[in-house]
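When you line the sequence shown up against this note's numbering, it's residues 90 to 299, in that order. Ideal Cβ positions, reconstructed from N, Cα and C, are used throughout, including at glycine. If you're wondering where the values come from, they're calculated on a predicted model, not measured in any experiment. Report on one structure; see the data block that follows.
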Amino acid sequence: MTDAGGVPARIGPNAVTRLLDVLERRCPRDARARILARAGIARAPSGDAMIAEDVAVRLHRAVRAEVPRQADALLAEAGRQTARYILGHRIPGPARWLLRALPVGLSARLLSRAIARHAWTFAGSARFSAAGPFGFEIRDNAFVRGTRGDGRLCTWHAAVIGELYRALVAKGCDCAETACAVERAGDICRFELRTGTGPRRADRDMPRHP
């Protein structure tokens, strides 16, 4: 897979490492072996550098092919783990505190812009854009590229976004994929955040905002 300039597409290693962690904990050894064989993965990436996008795509598709009934739950857990890594290693403490202290609408606007700026780390070669503070679009998503059928398959992406919003905007936030490119002759996957009624989360390592 290549980007628009013909350069091999890259993606953040968490697209693979977090899913491998989940598979290690949730899947029997024989199922893991089948998944890794189908994906052509002999060893886990180091986690300290970007990786080839096609490795992540193969692994995610292998999970759906080998353990279809468990796939959504496994991918969702991996997405949440990816978001938690981002929260712990990529977003400074003062920024986390500020987003949690701001009104929900303003916090969501700032977070949506930040996610869109850095989306290449989990969207790879796809074109990712914010559709307001509570919506996102992914165009030409490699994880579902060329796939047709019923159902929405971007569980991992929705889980990453949803967990970031729950941690930084409002505890009751949930991210739902409202349209998937696999369902029609288009290339756009759409996601919508719903805020629910949960309370704001306090930052554990900063004083509570009065």
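Tell me whether residue 106 sits in a helix, a strand or coil according to DSSP, three-state version. Three-state DSSP puts residue 106 in a helix.
Which residue wins for smallest C-alpha separation from residue 258, given the options 248, 201, 206, 270? 201
Residues sharing a beta bridge with residue 219, DSSP: 225
At 4 residues or longer, and completely inside the stretch 192 to 218: list those alpha helix (DSSP H) runs for me, N to C. 193 to 206, 209 to 212
Going by DSSP in three states, residue 148 sits in which element: helix, strand or coil? helix
Tell whether a beta-carbon distance below 9 angstroms holds between residue 220 and residue 179. no
Classify residue 240 as buried or exposed, calling it buried when 16 or more other Cβ atoms lie within 10 Å of its own Cβ. Looking at its Cβ environment, which holds fewer than 16 other Cβ atoms inside 10 Å, residue 240 is exposed.
For residue 120, three-class secondary structure by DSSP: Residue 120: helix per DSSP, three-state reduction.
At the level of alpha carbons, what is the spacing between residue 222 and residue 144? 31 angstroms
Using a 10 Å radius around the Cβ and a threshold of 16 neighbouring Cβ atoms, would you call residue 297 buried or exposed? Any answer about residue 297 is weak, because its pLDDT of 30 lies below 50 and its placement is not dependable; what the coordinates show is given next. Exposure of residue 297 is indicated by the presence of fewer than 16 other C-beta atoms within 10 angstroms of its C-beta.
Which residue marks the beginning of the alpha helix (DSSP H) containing residue 131, and which one marks its end? Where residue 131 is concerned, there is no enclosing alpha helix (DSSP H), given that its DSSP letter is neither H nor E.
Among 245, 249, 251, whose alpha-carbon lies nearest the alpha-carbon of residue 152? 245
Length-filtered (3 minimum) beta strand (DSSP E) runs lying within the stretch 258 to 288: 263 to 268, 277 to 283
Let me check understanding here. Comparing Cα to Cα, which of 204, 237, 210 lies closest to residue 101? 210
Let me make sure I understand the geometry here. Which of 250, 216, 104 has the alpha-carbon closest to that of residue 197? 250
Close Cβ partners of residue 284 (< 7 angstroms) along its chain, the five nearest in sequence each way excluded: 193, 259, 261, 262
Return yes when the Cβ of residue 167 is within less than 9 angstroms of the Cβ of residue 108, no when it is not. yes
Boundaries of the alpha helix (DSSP H) in which residue 236 is found, first to last residue: Residue 236 -> no alpha helix (DSSP H), and no H or E assigned at all.
Apply the 10 Å Cβ neighbour rule to residue 267 and answer buried if 16 or more other Cβ atoms are within range, or exposed otherwise. exposed
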